[in-house]
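Quick mapping for you: the protein sequence lines, in order, are chains S and H.
Residue 0 is where the first sequence starts when you use numbering that gives the first Met the number 0, and the numbers rise one by one after that.
Residue 0 is where the second sequence starts when you use numbering that gives the first Met the number 0, and the numbers rise one by one after that.
Working notes, structure below.
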Amino acid sequence: MNLQFIVDGLISGSLIGLGAIGITLTYAILRFSNFAHGDFMAWGAYGTLSVVAAIGALVGTTTPIGALSFGWPLILAAIIGMALTACLALALDWLLFARLRDRGQSIIVVMASFGASMALRSLLEFIFTSSPNYFSRGIQMAIPMGFGVRITPDQMVMLATTVILVTAMHLFMSRSQTGREMRAYSQNPALARVVGIDTARVVRATWIIGAALACAAGIMVGILVQIRPLMGLDLLLPMFAAAILGGIGSVPGAVLGGLIIGLSEAAAVQLIGAEWRAAIAFAILMAVLLVRPMGLFGRAER
Amino acid sequence: MSIPGASILDVRGLIAGYEPGLSIVKGASIHADEREIVVILGPNGAGKSSFIKAIAGLVPITGGEVLLDGRDITFGAAHLRVRQGLAFVPQTENIFPLMTVEENLRVAGGVLAKGEVQARIDETYTMFPDLARQRKLAAGSLSGGQRQMLAVGRALIVHPRVLMLDEPSAGLSPKFVEMVFARLSEIRRAGLTIVLVEQNARAALAIGDRAYVLVEGREAHEGRAATLWDDPVVAELYLGQRRPA
């Protein structure tokens, strides 16, 4: 048996997991399913691509770092792209979600996020057309790792970046005051206000973190696959599945959920056939939920 | 600066409710002086809980005034009231169950300077040694009495001027009720003003200085706590009938 599916699954799983962190936090803290989250990924990737192009116009051609397909402009652009995506999420919240949230019906906010998602996607198609874009058109040689497994330098760096981002996120949620405030708010918003937590700040932090991580995932998809206006929509359902599988509100859960979905999809493609890809992931999701309705890391409150 | 002897908390003609046009609190007024324990009693549905929540900033206020130390905080956000020295312990769901005991205290320390937080947490552990032993446990695994202690300890961490509690004895065994009220007396002696809403009138009046009886959203009677229990007007208001001898 070829074990290549493990590498493929880990990579797509970590991208799904990174995206799912934002979904799980939005759900736990703002209490709605944000269907525009996938479009934050696409906007993040396109925003970063635009910054890369701008840097290229300013400084000319740069050489890639080592064996990687990209150079320092992409790293700088990624940081700016994450900040821009965070601004997009904050603007959308100010313009749309906050107003509807105050009226208290979460289904209306969910429907609004559907609308926002379509608008964001159409806008991308309008600006960048629907044909795919790439951060680099170079071809990378995969390095043989034994057991028939191959991995490209880009893929290795993306996996390492995911590990760093997820670890940083976990430490932030468990050790920082803002992280504690976010967890407190997700458990009991009224009590959070009573203990002196500025809830508007918690909401802002949630959007910033979720959007920045979605942008990071979008950039990685852009580096490893391609950039398309539909890239976020394609990953939306796996990301939701990962967030639910891991347990709503749990950052490690979202990542583990992402890895399980990614690995099972890759295994299904290799062992059964590509057409079973989505079905297998959802079969696992349903099986886990039947046994543990609160997800893997979710805890029944009180 | 507060004027000696002046009311530290002054609530005048408060009107509040969750829905516009449907007031639950209909013009209630109370005041609490320095180091006083003020008890708010009243029959079920009198609006006691909504009244104290409105003062804490959790129920929308549509009329009247809330003055803390002479400063108007009527329409201030709930989290700002805490910073201004008004702490509140809700009746139920007053801890974060999925966080540890220590995290529950630490999260409330966000309004303090960074260097101060640990000292205040240690201070809370000295006051409630049970909590120190359970600092690493999820708060949701504590018993009812311990949860109440944690909620009170957390409210005190910011060194408030006024501590408000909504039915601190609810759901507790008589032993714990006695302990909670003994602690409240100690806290008052340390210089705090306490306002508490209680169903357990006898226990609350035993530690209280003054008491109000709230009926249909406004205060209907006020008196010294020591004499209120035997006041026939109170029995009439509170029970809607004469109390059996």
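From the three backbone atoms N, C-alpha and C, an ideal C-beta is built for every residue, glycine too.
* Partner residues on chain S for Asn93 (chain H), Cβ-Cβ distance less than 7 Å -> For the purposes of this step, residue 93 (chain H) is identified with residue 94 of the second sequence, where counting begins at 1. Ordered by position in chain S, the residues that pass the 7 Å Cβ test against Asn93 (chain H) are Leu190.
* **Within 8 Å, strictly: CB atoms of Val193 (chain S) and Ala55 (chain H)** => On the first sequence, residue 193 (chain S) is found 194 positions in, with the first residue counted as 1. On the second sequence, residue 55 (chain H) is found 56 positions in, with the first residue counted as 1. In contact: Val193 (chain S) and Ala55 (chain H) (Cβ atoms closer than 8 Å).
* Can you tell which of H:Ala77, H:Glu64, H:Pro231 and H:Gly139 has its C-alpha closest to the C-alpha of Met98 (chain H)? -> As a working mapping, residue 98 (chain H) is identified with position 99 in the second sequence. Nearest of H:Ala77, H:Glu64, H:Pro231 and H:Gly139 to Met98 (chain H), Cα basis: H:Gly139.
* **Distance between Gly12 (chain S) and Phe146 (chain S) (C-alpha atoms, nearest Å)** => Taking the first residue of the first sequence as 1, we reach residue 146 (chain S) at position 147. Taking the first residue of the first sequence as 1, we reach residue 12 (chain S) at position 13. The straight-line gap from Cα to Cα measures roughly 21 Å.
* Run of the beta strand (DSSP E) containing Asp32 (chain H), from where it starts to where it stops -> Taking the second sequence and counting its residues from 1, one reaches residue 32 (chain H) at position 33. Here the beta strand (DSSP E) through Asp32 (chain H) covers Val24 to Asp32.
* Do Leu262 (chain S) and Gly8 (chain S) come within 8 Å of each other at the CB atom, strictly closer than that value? -> In the first sequence, the residue the question calls residue 8 (chain S) occupies position 9. In the first sequence, the residue the question calls residue 262 (chain S) occupies position 263. Contact flag set, yes.
* Reduced DSSP secondary structure (H/G/I, E/B, other) of Val224 (chain S) -> In the first sequence, residue 224 (chain S) corresponds to position 225, counting from 1. In the structure shown, Val224 (chain S) sits in coil (DSSP, three-state: anything other than H, G, I, E or B).
* Asked: Any beta-carbon of chain S closer than 8 Å to the one on Ala169 (chain H)?
  -> As a first step, residue 169 (chain H) must be located in the second sequence, where it is residue number 170. Ala169 (chain H) does not count as touching chain S.
* Got a sec, what are the start and stop residues for the alpha helix (DSSP H) Glu185 (chain H) sits in? -> Taking the second sequence and counting its residues from 1, one reaches residue 185 (chain H) at position 186. Looking at the DSSP string, the run of the alpha helix (DSSP H) that includes Glu185 (chain H) is Pro173 to Arg188.
* **Residue of S:Ile138, S:Tyr45, S:Ile126 and S:Gly16 minimising C-alpha distance to Phe69 (chain S)** => Position 70 of the first sequence holds residue 69 (chain S). The shortest C-alpha separation from Phe69 (chain S) is found at S:Ile138.
* **Contact check, Gly252 (chain S) vs Phe296 (chain S), beta carbons under 8 Å** => Locating residue 252 (chain S) in the first sequence gives position 253, where the first residue counts as 1. Locating residue 296 (chain S) in the first sequence gives position 297, where the first residue counts as 1. Yes, the Cβ-Cβ distance between Gly252 (chain S) and Phe296 (chain S) is below 8 Å.
* Asked: Quick one: which chain H residues come within Cβ less than 7 Å of Asp197 (chain S)?
  -> Start at 1 with the first residue of the first sequence, and residue 197 (chain S) comes out as number 198. The answer, in chain order, is His78.
* Contact residues within the stretch 172–186 of chain S, judged by C-beta distance below 8 Å to chain H -> Gln176, Arg179, Glu180, Arg182, Ala183 and Gln186
* Output the distance between the C-alpha atoms of Gly62 (chain H) and Ser28 (chain H), rounded to the nearest integer angstrom. => Along the second sequence, one-based indexing puts residue 62 (chain H) at 63. Along the second sequence, one-based indexing puts residue 28 (chain H) at 29. Each residue's alpha carbon lies about 12 Å from the other.
* Asked: Who are the Cβ neighbours of Val109 (chain S) in its own chain at under 6 Å, not counting the five residues just before and after it?
  -> The count along the first sequence starts at 1 and reaches residue 109 (chain S) at position 110. These residues qualify, in order along the chain: Phe31 and Ser32.
* To do: With DSSP collapsed to three states, give me the class of Glu18 (chain H).
  => On the second sequence, residue 18 (chain H) is found 19 positions in, with the first residue counted as 1. Three-state DSSP puts Glu18 (chain H) in a strand.
* To do: Quick one: residues in its chain with C-beta nearer than 6 Å to the C-beta of Thr177 (chain S), no 5 flanking neighbours on either side, listed in chain order?
  => Residue numbering aside, residue 177 (chain S) sits at position 178 when the first sequence is read from its first letter. Result list for Thr177 (chain S): Ala204, in chain order.
* Just the Cα atoms here: how many angstroms apart are Val232 (chain H) and Arg209 (chain H)? -> Reading the second sequence from its first residue, position 233 is the one you call residue 232 (chain H). Reading the second sequence from its first residue, position 210 is the one you call residue 209 (chain H). Each residue's alpha carbon lies about 15 Å from the other.
* Taking all protein chains shown into account, do 16 or more other C-beta atoms lie within 10 angstroms of the C-beta of Leu13 (chain H), making it buried, or fewer, making it exposed? -> If you number the second sequence from 1, residue 13 (chain H) lands on position 14. Looking at its Cβ environment, which holds 16 or more other Cβ atoms inside 10 Å, Leu13 (chain H) is buried.
* For Leu104 (chain H), I'd like the list of residues in its chain whose CB is within less than 7 Å of its CB, leaving aside the five on either flank, ordered along the chain. => Position 105 of the second sequence, counting from 1, holds the residue named residue 104 (chain H). Closer than 7 Å at the Cβ level, and outside the excluded window around Leu104 (chain H), lie Ile120, Thr123, Gly152, Arg153 and Ile156.
* Asked: The alpha helix (DSSP H) spanning Val58 (chain S) covers which residue range?
  -> Start at 1 with the first residue of the first sequence, and residue 58 (chain S) comes out as number 59. That run of the alpha helix (DSSP H) goes His36 to Val58.
* Asked: Any idea what DSSP makes of Phe87 (chain H), helix, strand or coil?
  -> Position 88 of the second sequence, counting from 1, holds the residue named residue 87 (chain H). Reduced to three states, the DSSP call for Phe87 (chain H) is strand.
* **Beta-carbon neighbours of Ala55 (chain H), restricted to chain S and to distances below 9 Å** => In the second sequence, the residue the question calls residue 55 (chain H) occupies position 56. The answer, in chain order, is Arg192 and Val193.
* How about the stretch 152–172 of chain S and the stretch 13–22 of chain H: do they share at least three Cβ pairs that are nearer than 8 Å? -> no
* Any C-beta of chain S under 8 Å from that of Leu67 (chain H) -> In the second sequence, counting from the first residue as 1, residue 67 (chain H) sits at position 68. Taking Cβ atoms only, chain S never reaches closer than 8 Å to Leu67 (chain H), which makes this a no.
* Supposed close pair Ala242 (chain S), Ile22 (chain S) - CB separation, criterion 8 Å -> As a first step, residue 242 (chain S) is located in the first sequence; it is residue number 243 there, counting from the start. As a first step, residue 22 (chain S) is located in the first sequence; it is residue number 23 there, counting from the start. Contact flag correct, Cβ pair sits at about 4 Å.
* **Check whether Ile94 (chain H) and Leu149 (chain H) have beta carbons under 8 Å apart** => Start at 1 with the first residue of the second sequence, and residue 94 (chain H) comes out as number 95. Start at 1 with the first residue of the second sequence, and residue 149 (chain H) comes out as number 150. In this structure, Leu149 (chain H) lies closer than 8 Å to Ile94 (chain H) by Cβ.
* **Contacts around Leu2 (chain S), its chain only, beta-carbon distance under 8 Å, and the 5 residues preceding and following it disregarded** => As a position in the first sequence, residue 2 (chain S) is number 3, starting the count at 1. Excluding residues within five positions, the ones whose Cβ falls inside 8 Å are Phe146, Gly147 and Val148.
* Following the continuous alpha helix (DSSP H) through Leu73 (chain S), name the residue where it begins and the one where it ends. => The count along the first sequence starts at 1 and reaches residue 73 (chain S) at position 74. Residues Trp71 to Leu91.
* Asked: Cα-Cα, which of H:Ile186, H:Ile51 and H:Arg80 is closest to Pro89 (chain H)?
  -> Here residue 89 (chain H) is taken as the residue at index 90 of the second sequence, counted from 1. Of the candidates H:Ile186, H:Ile51 and H:Arg80, the one whose C-alpha sits nearest the C-alpha of Pro89 (chain H) is H:Ile51.
* In this structure, does DSSP put Val245 (chain H) in helix, strand or coil? -> Any answer about residue 245 (chain H) is impossible in this case: the structure gives chain H only from 0 up to 244.
* **Residues bridged to Glu221 (chain H) [DSSP beta-bridge criterion]** => On the second sequence, position 222 is the one that residue 221 (chain H) refers to. Answer is H:Tyr211.
* Asked: On the three-state DSSP scale, how would you describe Met110 (chain S)?
  -> The residue labelled residue 110 (chain S) in the question sits at position 111 within the first sequence. Three-state DSSP puts Met110 (chain S) in a helix.
* To do: Kindly provide the ranges of any alpha helix (DSSP H) runs that are 4 or more residues long and lie completely inside the stretch 198–248 of chain S, ordered along the chain.
  => 198–223 and 230–245
* Tell me whether the beta-carbon of Met40 (chain S) lies closer than 8 Å to the beta-carbon of Gly195 (chain S). => Position 41 of the first sequence, counted from the first residue, corresponds to residue 40 (chain S). Position 196 of the first sequence, counted from the first residue, corresponds to residue 195 (chain S). No; because the gap between Cβ atoms is not below 8 Å, this pair is not in contact.
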